[in-house]
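S.K.: Here it is, the structure in full.
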Ligand code: ATP
Ligand code: MG
Ligand code: FE
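Residue numbers (the UniProt record's numbering): 15 to 354.
Here it is as structure tokens:
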């Protein structure tokens, strides 16, 4: 089966052709970062307009690079949510038109299911498994009892990790998106400014990062007020260590409690070198099998949407043509069993 997948939930316009849910025939990603960077973040109206300008080209390129013809396609997959509503709509309109024109089924797909199933493009999942989703808008521990069954066992109560990275970077006057810059600074640091860890209740798998962000801002302000020079690298290191300590500890505790056979790291923040290294070493010590997709499949891309959509294709679960963008689509609701 050949799926043409489309992703436009935020600031990447992407299209991919996936064979058999595993094989990437093409995965074209066009990032809008350069147009948003001067605003210090994604401007929704501009994102939608940029998607409109590029979507047709990106789809054509994905089909061309795949070596397939449009008539070979089995289904069209598109991100239905969560994301920016105007941005989602552009991909959805394109997907609906193609589905109608080619008379092939449409599969509305969950963006976070995509981030999770990016792992399936390079690894073999074994169930039950636990996914640690760390992205710009989400920080969640998701238990998968079986294929395509999602249960969120913990989530952030305030900021997502990526969001916290971006806000801290902004306070340090680093360009958007700030995650990679903090990552680099932390790696270069000679010292560490110790910051608090938000463990929450002893048995909770929830996260909180807004207190940590405030602690970082307080250090920056106090240093400035005293007229001292700020060791930005040490602050980045302290922030990153606090984030990583909590993520790693909670993920490993969840793996044990729910008897997961694997831990999956997914989402844009999975590109973080400190997090990858800390998880790799802890999982090694504790004999937990860790799966991490390559960086290009961690950030937003359409190949991951094709991988998740394939689960529904296999079961003949298709989406009606009157489907609407859902900026807050719940992950659990997208589970295969909810569709039967
Ligand atoms: P969501 O998937 O929740 O809808 P999103 O699609 O905007 O949000 P992603 O594209 O998955 O998010 O990830 C982008 C985030 O990842 C940004 O916040 C960015 O700063 C962060 N990020 C990217 N690389 C790194 C890194 N090396 N270290 C830390 N954070 C990073
Ligand atoms: Mg993005
Ligand atoms: Fe994403």
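Each residue gets a CB set at the ideal place from its N, CA and C atoms; glycine is no exception.
1. Given a cut-off of 8 Å, decide if residue 211 and residue 149 are closer than it, judged by their beta-carbon atoms.
2. Taking 7 Å as the cut-off, is the C-beta of residue 312 nearer than that to any heavy atom in the ligand MG?
3. Starting from residue 54, follow the beta strand (DSSP E) in both directions and report where the run begins and ends.
4. Closer than 7 Å by C-beta to residue 16: which residues in its own chain qualify, once you throw out the five before and the five after it? Chain order, please.
5. Assign residue 239 to one of three DSSP states: helix, strand, or coil.
6. Give the single residue among 193, 166 and 165 whose Cα lies nearest to the Cα of residue 4.
7. Quick check: the Cα distance between residue 244 and residue 238, rounded to an integer number of angstroms?
8. Return yes when the Cβ of residue 282 is within less than 8 Å of the Cβ of residue 197, no when it is not.
9. Taking Cβ positions, are residue 110 and residue 98 nearer each other than 8 Å?
10. Could you pull the DSSP bridge partners for residue 19 from this structure?
11. Between residue 270 and residue 277, what straight-line distance do the alpha-carbon atoms span, to the nearest angstrom?
12. Is the beta carbon of residue 164 less than 8 Å from the beta carbon of residue 348?
13. Within the present structure, is the beta-carbon of residue 45 separated from the nearest heavy atom of the ligand FE by less than 7 Å?
14. Assign residue 253 to one of three DSSP states: helix, strand, or coil.
15. Beta carbon of residue 38, beta carbon of residue 50: below 8 Å?
16. DSSP on residue 106, reduced to helix/strand/coil?
17. CB of residue 55 to nearest heavy atom of the ligand ATP: below 7 Å?
M.R.: For this structure:
1. no
2. no
3. Unbroken run through residue 54: none, as it is neither H nor E.
4. 31, 33, 82, 86, 87 and 88
5. helix
6. Nothing about residue 4 can be reported from this structure: the residues present for the chain run from 15 to 354 only.
7. 8 Å
8. no
9. no
10. 30 and 91
11. 10 Å
12. yes
13. no
14. helix
15. no
16. helix
17. no
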